[in-house]
Amino acid sequence: MKDNSLKRLADEVVVIWLDDLSRKRITSGNLTELVARHHVVGVTTNPTIFQQAIGDGGDYADQLHDMALRGVTVAEAVRTITAADVRDAADILRPVHDATSGRDGWVSIEVDPRLAHGTDATIAEAKHLAWLIDRPNILIKIPATRAGLPAITEVVALGISVNVTLIFSLERYREVMNAYLSGLEKARDKGLDLSRIHSVASFFVSRVDTEIDKRLDALGTPEAKALRGRAAVANARLAYQAYEEVFGSADGSTPPSDRWSALESVGAGKQRPLWASTGVKDAAYKDTLYVDDLVAPNTVNTMPEATLEAVADHGEIIGNSIAGTYEQARADLDAVEKLGISYAGVVQALETEGIHKFQHSWDTLEHRPQRPAPPRRRPAVTGDVPRRARGPW
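Below you can see the structure in the form of structure tokens.
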């Protein structure tokens, strides 16, 4: 059957989240169908996804019109609309959340990306989003910037579940895990129930190949061409090795750290690696590359629908594709470095670019020209009731 590859992923303890959300997905029943029949057990969003969804205007026109009449600021309107879509998606996924005792059924929403370099503002925004959406299966996305690291700790310490986003480097990933553990320790000291705090660490994949391949192409040597399309998977595989060093391997060959064991003994849950940006950007690569080659226990793969359909149709899921690859992965990254391509320079450029892209998407949302809503029929004198506006406003 077409979905056998998706089932095999689930059998390998890799959970599938959809990297997309719009009101149309919710109202059409598409998200419900993906959850029911295509093994989707979570949803991730980001500012660019919302910019594309709201940019059309059609599904949001009446609501935007009503808000304009009420004098609502554009910033408030954008946050209200995005929070409503996430709340509705969380309700669709709530049965999954309950059935898995909180392991899955999560929907992520990002703090305002313009706060990426402000710790206190990020904490305040995370608290506000958790209050505004008010669902138990919400992950607040915080970028893994320098300012984001202490924010992660403080937000987790408040008992708020977090999706750490925009992770590109191995060093920063280790710092993210440390920030999560520090937050759990603070939460434990406050007497909070650690079993109710969840987290994923979103390690970005395809953008690494895009940036490094560009630099390899500029070199143009046979050695450079031979390394195209290998850095992103190598980077992610070494991230999984770092994860095992903290949380332990599924087969027991790598023991967990003492620090983690102490937290796990009082109910804490592991911060799972999440493979983000898994849609292939280069048509020369197989379209399931960043799924097939990153299969390992206790991971999340969040896919755009095109990638989800490709995996369902012809994905090659043949078991754990990360085990035993660490030596080769390190050799691949070392080979790139030997050609004069700085790993540190690449990952810093990607973090900066990622933040700027999300900031641009948010700015575009707040400055988009608003389409007028369709004309409304005035209620007749006979007592007709006006059509109720969509949404809770």
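Position 118 of the sequence shown, counted from 1, bears residue number 118 in the numbering used here, the numbering being contiguous throughout.
Just so you know, even glycine gets a beta-carbon here, dropped at the ideal spot from N, CA and C.
Based on the DSSP secondary-structure assignment, which residues constitute the bridge partners of residue i?
{"i": "residue 41", "result": "Bridge partners of residue 41: none, in fact."}
{"i": "residue 199", "result": "162"}
{"i": "residue 140", "result": "109, 162"}
{"i": "residue 278", "result": "For residue 278, which the question treats as bridged, DSSP gives no partner whatsoever."}
{"i": "residue 308", "result": "Paired residues: none, contrary to the question."}
Tell me the rounded alpha-carbon separation between residue i and residue j.
{"i": "residue 247", "j": "residue 257", "result": "6 Å"}
{"i": "residue 219", "j": "residue 226", "result": "12 Å"}
{"i": "residue 308", "j": "residue 18", "result": "8 Å"}
{"i": "residue 104", "j": "residue 221", "result": "46 Å"}
{"i": "residue 72", "j": "residue 117", "result": "27 Å"}
{"i": "residue 173", "j": "residue 352", "result": "16 Å"}
{"i": "residue 161", "j": "residue 357", "result": "24 Å"}
{"i": "residue 106", "j": "residue 86", "result": "10 Å"}
{"i": "residue 233", "j": "residue 205", "result": "7 Å"}
{"i": "residue 67", "j": "residue 91", "result": "24 Å"}
{"i": "residue 148", "j": "residue 176", "result": "9 Å"}
{"i": "residue 287", "j": "residue 58", "result": "31 Å"}
{"i": "residue 302", "j": "residue 44", "result": "7 Å"}
{"i": "residue 299", "j": "residue 289", "result": "16 Å"}
{"i": "residue 111", "j": "residue 192", "result": "24 Å"}
{"i": "residue 335", "j": "residue 319", "result": "27 Å"}
Here's the rule I'm using: 16 or more other beta-carbon atoms within 10 Å means buried, otherwise exposed. How should residue i be labelled?
{"i": "residue 79", "result": "buried"}
{"i": "residue 244", "result": "buried"}
{"i": "residue 266", "result": "exposed"}
{"i": "residue 131", "result": "exposed"}
{"i": "residue 277", "result": "buried"}
{"i": "residue 328", "result": "exposed"}
{"i": "residue 125", "result": "buried"}
{"i": "residue 119", "result": "buried"}
{"i": "residue 11", "result": "exposed"}
{"i": "residue 15", "result": "buried"}
{"i": "residue 179", "result": "buried"}
{"i": "residue 33", "result": "exposed"}
{"i": "residue 224", "result": "buried"}
Taking the continuous beta strand (DSSP E) assigned at residue i, which residues delimit it?
{"i": "residue 318", "result": "Per DSSP, residue 318 belongs to no beta strand (DSSP E) and is neither H nor E."}
{"i": "residue 26", "result": "Not the beta strand (DSSP E): residue 26 falls in the alpha helix (DSSP H), residues 23–27."}
{"i": "residue 6", "result": "Where residue 6 is concerned, there is no enclosing beta strand (DSSP E), although the alpha helix (DSSP H) it sits in stretches over 4–11."}
{"i": "residue 322", "result": "Residue 322 -> no beta strand (DSSP E), and no H or E assigned at all."}
{"i": "residue 18", "result": "14–18"}
Going by DSSP, what residue range makes up the alpha helix (DSSP H) through residue i?
{"i": "residue 81", "result": "74–99"}
{"i": "residue 299", "result": "Residue 299 -> not in any alpha helix (DSSP H); beta strand (DSSP E) instead, spanning 299–303."}
{"i": "residue 295", "result": "From DSSP, residue 295 is part of no alpha helix (DSSP H); its letter is neither H nor E."}
{"i": "residue 156", "result": "148–157"}
{"i": "residue 129", "result": "119–133"}
So with Cβ pairs under 8 Å, would you call residue i a contact of chain C?
{"i": "residue 126", "result": "Checking the listed chains, one finds no chain C in this structure; it contains a single protein chain."}
Margin query: Restricting to runs no shorter than 4 residues, where is the alpha helix (DSSP H) found entirely within the stretch 326–376?
Written below: Those alpha helix (DSSP H) runs which fall completely within the stretch 326–376 and span 4+ residues are 326–338, 343–366.
Check: Which residue spans inside the stretch 174–235 form an unbroken beta strand (DSSP E) run of at least 3?
Finding: Annotation: the stretch 174–235 contains the following complete segments of the beta strand (DSSP E) (minimum length 3 residues), in chain order: 199–204.
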